[in-house]
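Written out below as structure tokens is the structure these notes cover.
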Amino acid sequence: MNNTKYVFVTGGVTSSLGKGIIAASLAKLLQERGYSVTIQKLDPYINIDPGTLNPYEHGECYVTDDGAETDLDLGHYERFLNIPTSQANNVTTGRIYQSVINKERKGEFLGKTVQVIPHITDEIKRRIKLLGNTGKYDIVITEIGGTVGDIESLPYIESVRQLQWELGEDNAIVIHLTLVPYLAAAGELKTKPTQHSVKMLMQSGIGPNILVCRSEHEISEDIKRKLALFCNVKKEDVIQSLDAETIYDVPNLMFEEGLDSVVLKKLELSSEKQPALTEWNCFVKKYKNPKQTIEIGLIGKYVELHDSYKSITEAFIHAGSTHETKVNVRWIHSEELENGNVEKKLKGLDGLLVAPGFGERGIEGKIDAVKYARENNIPFLGICLGMQMAVIEYARNVLGLKEANSTEMNENTAHPVINLMEEQKEITNMGGTMRLGAWDCTLETASKAYAAYQNNNISERHRHRYEFNSDYKTQIESAGMKATGINPKTGLVEVVEIPTHPWFVGVQYHPEYKSTVLNPHPLFLSFIEAAINYSKK
Ligand code: GLN
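In terms of this note's numbering, the sequence shown opens at residue 807 and continues consecutively.
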């Protein structure tokens, strides 16, 4: 029996209160105090994972080293904690039911009627304890997706209730995140929505141990007392969480409000060591005091929802801070580039990033954007689909293979410079069947990529089906675009560059997933540096 402690984070009143950021900030503070911490997200939807969800629905799909397609909150966890997550850190209702139903088919329930309670709740509890049972963590923080009162969250809330009963309140606590809205007409902060959401939790048998209250205005001592009285917590357990200038301020704000010390006290853990946050604060300081500003164009087809590119914009922030540079993003819809207005839309940019994506919509605009960056010597980073578009553009406009395309866009193209690998051709299921997770890559020493990584051997995360078609490698290379990164096992091309261009790099993998506050990604650092140099010309 190990003595991992559990912290559950539930949400009340409304969605989008930032449970993920509160969980990550608390974890950061506990980590800085010397505890090993991980964070898990339980998502109450029926998809097995968000891999099949449209980014408009759910924002970016984040990918872990072990190839799990997960919720974007896991990206925040990694960026804050600087430690990798895995499949065990993200569980959906679909996954829970799938395991239970598989067991039922195998006859493992020995003739019993399979029910939400106890079978689904047992499976939820098993998944929660999985991380604790590794013995690697002093504290596991579990974020329950959705809002208390949702029908679909009920089995999760019941599982938390049972776990808290089994483990005791000194080993498992519940933080409830709520909203304390300000009514301008009355000039008052209102506590009623919080009271109602706590009442709802209590009906499920859980009394929250700590309330974190999101608010646009300072919560007075009087209001804290009122919240404490009606929600059955101590006044010191009511923590205000005011709107922050940046998510990276939240750990400091939560420290000032004492969230981490209240948590440690309840879990009967020592709070002697103070969180230093030295490197973190150095990052925040540089981020907030840039010496210059650059503008990067982000070309994608889901740009209406910025969350679709969360890891990319966060990677800009990390790299920008290192260079003491504010990176402004100009959001450019790839479909809007298809009317010969490329020059107008892209003028004045210091760098161009063509984003990952799927399907045909908007790809001609992406290809036009690549051409513009290539011909005008503007620093260019192509990620996944963006790299594939760079290869197609080169084949069409430099090699003169006018019909060059990816078989994803045109199955019968005369020049499939991007195509499916043999093993992908047999696959009919959409979910979890791409080339996923960490793969090794060997970099050529004479390359921009090597200059960035300062290493020949790297490992990066993937999420795609289509690949650079090696049949075209010799032809493309002799025309000037070089394959500078190769998968040592499969020979697949992972990185392409144009050596005569000041900074033109396309990567089949997703560097953005591995950029963290303490480890800004080398490729982003190098890309931003190139953009800074370009801006000075
Ligand atoms: N649609 C492309 C593929 O499947 C690229 C995927 C991506 O950009 N993540 O290969």
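A virtual CB, placed ideally from N, CA and C, is assigned to each residue, including glycine.
These numbers were taken from a predicted model, which means no experiment stands behind them.
Is the Cβ-Cβ distance between Lys1172 and Gly865 less than 9 Å? Looking up residue 1172 in the sequence shown gives position 366. Looking up residue 865 in the sequence shown gives position 59. For the 9 Å CB-CB criterion, Lys1172 and Gly865 do not form a contact.
Below 8 Å, is the gap between the Cβ of Met1240 and the nearest heavy atom of the ligand GLN? Position 434 of the sequence shown, counting from 1, holds the residue named residue 1240. The ligand GLN has a heavy atom closer than 8 Å to the beta-carbon of Met1240.
For Arg1136, which beta-bridge partners are listed by DSSP? For the purposes of this step, residue 1136 is taken as the residue at position 330 of the sequence shown. Per DSSP, Gly1103.
Tell me the DSSP bridge mates of Tyr988? One-based indexing of the sequence shown puts residue 988 at position 182. Answer is Leu995, bridged to Tyr988.
Closer than 5 Å from C-beta to any heavy atom of the ligand GLN: which residues, in chain order? Taking each Cβ in turn, the ones that pass are Pro1162, Phe1164, Cys1190, Leu1191, Arg1269, His1270, Arg1271, Tyr1272.
Give me, in chain order, the residues of the same chain whose beta-carbon lies closer than 8 Å to that of Ile1338; leave out the 5 immediate sequence neighbours on both sides. Start at 1 with the first residue of the sequence shown, and residue 1338 comes out as number 532. Cβ neighbours of Ile1338 beyond the five flanking positions: Gln1098, Ile1100, His1129, Thr1131, Asp1156.
In the DSSP assignment, find the beta strand (DSSP E) that holds Ser1212 and state where it starts and stops. Here residue 1212 is taken as the residue at index 406 of the sequence shown, counted from 1. Where Ser1212 is concerned, the enclosing beta strand (DSSP E) starts and stops at 1210-1212.
Name the DSSP beta bridge partners of Asp1246, please? Your numbering for residue 1246 matches position 440 in the sequence shown. Beta-bridge pairing links Asp1246 to Ser1265.
Quick check on DSSP: helix, strand or coil for Pro1222? Position 416 of the sequence shown holds residue 1222. It is a strand residue.
Could you compute how far the alpha carbon of Asn809 sits from the alpha carbon of Gly1312? One-based indexing of the sequence shown puts residue 809 at position 3. One-based indexing of the sequence shown puts residue 1312 at position 506. Roughly 46 Å between the two C-alpha positions.
For Ala1423, collect the residues of the same chain with a Cβ closer than 7 Å to its Cβ; drop the 5 residues on either side in sequence, then sort them by chain order. Residue coverage of the chain in this structure runs from 807 to 1343, which leaves residue 1423 outside it and unanswerable.
Bridge partners of Gly1312, per DSSP? Here residue 1312 refers to the residue found at position 506 of the sequence shown. Per DSSP, Gly1188, Val1302.
Whose C-beta lies closer than 6 Å to the C-beta of Glu1144 among residues of the same chain, with five residues either side of it excluded? Here residue 1144 refers to the residue found at position 338 of the sequence shown. Excluding sequence neighbours, Glu1144 sits near Glu1170, Gly1171.
Could you check which residue in Leu1065, Thr919, Arg933, Gly881 has the C-alpha nearest to that of Gly900? As a first step, residue 900 is located in the sequence shown; it is residue number 94 there, counting from the start. Each of Leu1065, Thr919, Arg933, Gly881 was checked against the Cα of Gly900, and the nearest Cα belongs to Arg933.
Measuring straight from C-alpha to C-alpha, what distance separates Asn1211 and Val1069? Along the sequence shown, read from residue 1 onward, the residue named residue 1211 stands at position 405. Along the sequence shown, read from residue 1 onward, the residue named residue 1069 stands at position 263. Cα to Cα, the separation comes out at about 55 Å.
When Ile852, Leu985, Ala894 are compared against Val819, the one with the closest alpha-carbon: For this step, residue 819 is matched to residue 13 along the sequence shown. Just measuring C-alpha positions, the residue of Ile852, Leu985, Ala894 sitting nearest Val819 is Leu985.
So what's Val922 in DSSP terms, helix, strand or just coil? Your numbering for residue 922 matches position 116 in the sequence shown. DSSP places Val922 in helix when its eight states are reduced to three.
Starting from Asp1046, trace the alpha helix (DSSP H) both ways and give me its first and last residue. Numbered from 1 along the sequence shown, position 240 holds the residue referred to as residue 1046. Position check: residue 1046 holds Gln in this sequence, whereas Asp was assumed. Element bounds for Gln1046: not the alpha helix (DSSP H) but the beta strand (DSSP E), 1044-1048.
Quick check: Met1287 and Tyr1340, are their CB atoms within less than 9 Å of each other? For the purposes of this step, residue 1287 is taken as residue 481 along the sequence shown, with counting starting at 1. For the purposes of this step, residue 1340 is taken as residue 534 along the sequence shown, with counting starting at 1. Contact flag unset, no.
Going by CA-CA distance only, name the one from Ala1244, Tyr943, Gly1013 that's closest to His1268. As a working note, residue 1268 is residue 462 in the sequence shown. Checking every option, the nearest Cα to that of His1268 belongs to Ala1244.
Assign Arg1180 to one of two classes, buried (16 or more other C-beta atoms within 10 Å of its C-beta) or exposed (fewer than that). Stepping through the sequence shown from its first residue, residue 1180 is reached at position 374. With 16 or more Cβ atoms within 10 Å of its Cβ, Arg1180 is classed as buried.
Does the stretch 877-896 come close enough to the stretch 1314-1323 that 3 or more CB-CB pairs lie under 8 Å? Taking 8 Å as the limit for Cβ pairs, the verdict is that the stretch 877-896 does touch the stretch 1314-1323.
Taking DSSP's pairing of strands, which residues face Ser1284 in a bridge? Position 478 of the sequence shown, counted from the start, is the residue given in the question as residue 1284. Partner(s): none; Ser1284 has no beta bridge.
In whole angstroms, what separates the C-alpha of Glu1022 from that of Leu989? Residue mapping note: residue 1022 aligns to position 216 of the sequence shown, counting from 1. Residue mapping note: residue 989 aligns to position 183 of the sequence shown, counting from 1. Whole-angstrom Cα-Cα distance: 11 Å.
Buried or exposed by the 16-neighbour rule on C-beta atoms within 10 Å, applied to Ser1284: If you number the sequence shown from 1, residue 1284 lands on position 478. With fewer than 16 other beta carbons inside 10 angstroms of its own, Ser1284 counts as exposed.
Determine the contact status of Ile845 and Val966, defining contact as a CB-CB distance below 9 Å. Translated into the one-based positions of the sequence shown, residue 845 becomes position 39. Translated into the one-based positions of the sequence shown, residue 966 becomes position 160. In this structure, Val966 does not lie closer than 9 Å to Ile845 by Cβ.
CB-CB under 7 Å to Pro850, same chain, minus the five flanking residues each way: which ones, in chain order? To locate residue 850, count along the sequence shown from 1; it is residue 44. Thr899, Gly951, Gly952, Asp956, Glu958, Ser959, Tyr962.
Tell me where the beta strand (DSSP E) around Lys811 begins and ends. As a first step, residue 811 must be located in the sequence shown, where it is residue number 5. Here the beta strand (DSSP E) through Lys811 covers 811-817.
Quick one: what's Val1160 bridged to in DSSP? Here residue 1160 corresponds to residue number 354 of the sequence shown, with the count starting at 1. Beta-bridge pairing links Val1160 to Ile1105, Gly1188.
For the putative contact between Arg1020 and Leu835, defined by C-beta atoms under 8 Å, what is the C-beta separation to the nearest angstrom? What you label residue 1020 is simply residue 214 of the sequence shown in a count that begins at 1. What you label residue 835 is simply residue 29 of the sequence shown in a count that begins at 1. Leu835 and Arg1020 do not touch by the CB rule: their CB atoms are close to 18 Å apart, not below 8 Å.
Gln1345 - DSSP class collapsed to helix/strand/coil: An answer regarding residue 1345 cannot be provided, because it is not within the stretch 807 to 1343 covered by the chain.
Would you check if there are 3 or more beta carbon pairs closer than 8 Å linking the stretch 1007-1018 to the stretch 1085-1099? The stretch 1007-1018 makes no contact with the stretch 1085-1099: fewer than 3 CB pairs, one atom from each, lie closer than 8 Å.
Pick from Tyr1315, Lys1343, Pro1328, Ser1332 that is closest to Thr870, judged by C-alpha positions: Within the sequence shown, numbered from 1, the residue matching residue 870 stands at position 64. Answer by Cα proximity: Tyr1315.
Nearest-angstrom Cα separation, counted from Gly826 out to Ser1047: Here residue 1047 refers to the residue found at position 241 when the sequence shown is read from its first residue. Here residue 826 refers to the residue found at position 20 when the sequence shown is read from its first residue. Between Ser1047 and Gly826, the C-alpha separation is close to 13 Å.
How would you label Asn1275, buried or exposed, when you count the other beta carbons within 10 angstroms and need 16 or more for buried? Start at 1 with the first residue of the sequence shown, and residue 1275 comes out as number 469. Classification of Asn1275: buried, given that the 10 Å Cβ count is 16 or more.
Count Cβ pairs between the stretch 1159-1168 and the stretch 1184-1191 that sit closer than 8 Å; are there 3 or more? These segments touch.
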